[in-house]
Amino acid sequence: MTDRNRATVFLTGATGFVGGHLVARLVADGLRPRCLVRATSNVAELKRAGAELVTGDITDPPEKLRQLIGDCRLVFHCAGLVDDWAPRAEMERINIDGTRHMLEACAGLKSLEKFVMVGSMVVFGMGPQNNFDESAPLTHTGDNYNETKIVAEELAFQYAAEKNVPVAVCRPPYVYGPGDQQFFPRLFESLRDGVFKYIGDGNQPITLVYVLNLVEALVLASRTKTAPGELFLITDGESITRRELAEMICREMNYSVPTAHVPEGVARAVLPVVEWLAKVRHQRPILNRFKLKFMATPLTFDISKARRLLGYEPVEPPRESLRKTVRWYREHHPEMAAKTR
Numbered sequence: 002m003t004d005r006n007r008a009t010v011f012l013t014g015a016t017g018f019v020g021g022h023l024v025a026r027l028v029a030d031g032l033r034p035r036c037l038v039r040a041t042s043n044v045a046e047l048k049r050a051g052a053e054l055v056t057g058d059i060t061d062p063p064e065k066l067r068q069l070i071g072d073c074r075l076v077f078h079c080a081g082l083v084d085d086w087a088p089r090a091e092m093e094r095i096n097i098d099g100t101r102h103m104l105e106a107c108a109g110l111k112s113l114e115k116f117v118m119v120g121s122m123v124v125f126g127m128g129p130q131n132n133f134d135e136s137a138p139l140t141h142t143g144d145n146y147n148e149t150k151i152v153a154e155e156l157a158f159q160y161a162a163e164k165n166v167p168v169a170v171c172r173p174p175y176v177y178g179p180g181d182q183q184f185f186p187r188l189f190e191s192l193r194d195g196v197f198k199y200i201g202d203g204n205q206p207i208t209l210v211y212v213l214n215l216v217e218a219l220v221l222a223s224r225t226k227t228a229p230g231e232l233f234l235i236t237d238g239e240s241i242t243r244r245e246l247a248e249m250i251c252r253e254m255n256y257s258v259p260t261a262h263v264p265e266g267v268a269r270a271v272l273p274v275v276e277w278l279a280k281v282r283h284q285r286p287i288l289n290r291f292k293l294k295f296m297a298t299p300l301t302f303d304i305s306k307a308r309r310l311l312g313y314e315p316v317e318p319p320r321e322s323l324r325k326t327v328r329w330y331r332e333h334h335p336e337m338a339a340k341t342r
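Residue 49 in my numbering sits at position 48 of the sequence shown, and the numbers go up by one each step.
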């Protein structure tokens, strides 16, 4: 079998957090993924992994993308703009237009067996999410990330229904693991610098997903025969409280354990003013609805469907995955070390 023949898997977002881990998994499985990369992308890791690289962008015309996909039998769409304060136009260009172009490129491809897309639990909105499953309604909040991810998922299901694109959507909550540049680093900095404050008592439950668990689900979704347009919620399978998470990080990183609290009612009352001031000053706010959701809102999910139809199970106990991730940051990011007092 030639190297060219082995490139039967096409990826977007391969230089990103989730996509990079997925590439490593596919290579370990004996595949040579074909990765869509921009001319300015850092592709050193992909080259070391032995991936095939093709230059382009998810917002390129579908005809060009179709040529790049070629006869690949699997497409993983991991590209997306994940941000709680990015401009609406840029989020629409990447999350909506990019998804539409990828779906249109795949419509009618005879070799295509599965189009696996990474969704987001942000589509559930900002309210309490207690043991939500795939039947829970989408909630429009008006926020750029929420709105663009809802439209992206709707497009995926539309193409599945109307053009028979074999779509499977894996919808994760907050993703963590080695290489994360958003979730853990911000939390570490807040705890390290002593500015972290619980909102409420800190005992509200939250369910996260380890990046290798999400990768496992994506691979299973690509292999399992499911009807076009199937949706799966993917998590670590058990929750943790905000207090337990913060205290575990502090123990592993030798930070001072936070004790300060802000009443949830006070945080919600000042939130509109804080967000308004940030917009006026063109700054990222110290508190916005996404941060408040992460800090205070109950977020737990039912992954029975993924377990039943995909055979999905977390690769290891969730608390071990969290500890392993914290230790990785401790070893690879000395700037995260506790400050001397």
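Note that beta-carbon positions come from the ideal geometry of N, C-alpha and C, so glycine has one too.
Around the beta carbon of Ala153, a 10 Å sphere encloses 16 or more other beta carbons of the protein chains shown; the residue is thus reported as buried. With respect to Ser112, Asp85 sits apart: the two C-beta atoms are not nearer than 8 angstroms. Gly203 is positioned such that its CB atom lies closer than 8 angstroms to that of Thr242. The alpha-carbon of Asn147 is positioned some 14 angstroms away from that of Pro173. Closest in C-alpha terms to Val123, from the list Tyr175, Ile250 and Lys226, comes Tyr175.
The alpha-carbon separation between Glu217 and Val316 amounts to approximately 8 angstroms. Secondary structure of Leu12 (DSSP, three-state): strand. Under DSSP, the beta-bridge partners assigned to Met118 are His78 and Val170.
Counting the other CB atoms within 10 Å of its CB gives Ala15 a total of 16 or more, which places it among the buried residues.
Rounded to whole angstroms, the gap between the alpha carbons of Leu219 and Cys171 is 7 angstroms. The C-beta distance from Leu232 to Glu135 rounds to 5 angstroms, short enough to fall under 8 angstroms. For Val123, there is no enclosing alpha helix (DSSP H), since its DSSP letter is neither H nor E. Judged by beta-carbon spacing, Ile250 lies within the 8 angstroms limit of Val327, meaning their Cβ atoms are closer than that value.
In chain order, Leu12, Phe77, Cys79, Val216 and Leu219 place their CB closer than 7 angstroms to the CB of Leu23, counting only its own chain and leaving out the 5 sequence neighbours on each side. Taking Glu114 as the centre and dropping the five residues before and after it, the same chain places the C-beta of Arg74, Leu75 and Pro167 closer than 7 angstroms to its C-beta, in chain order.
Going by DSSP, Phe133 is part of the beta strand (DSSP E) stretching over Gln130 to Phe133. Excluding sequence positions up to five before and after Ala279, its CB lies within less than 7 angstroms of the CB of Arg285 and Pro286, all in the same chain and listed in chain order.
Only residues of its own chain outside the window of five on either side were considered, and among them Gly57, His102, Met103 and Ala106 have a CB closer than 7 angstroms to the CB of Leu66, listed in chain order.
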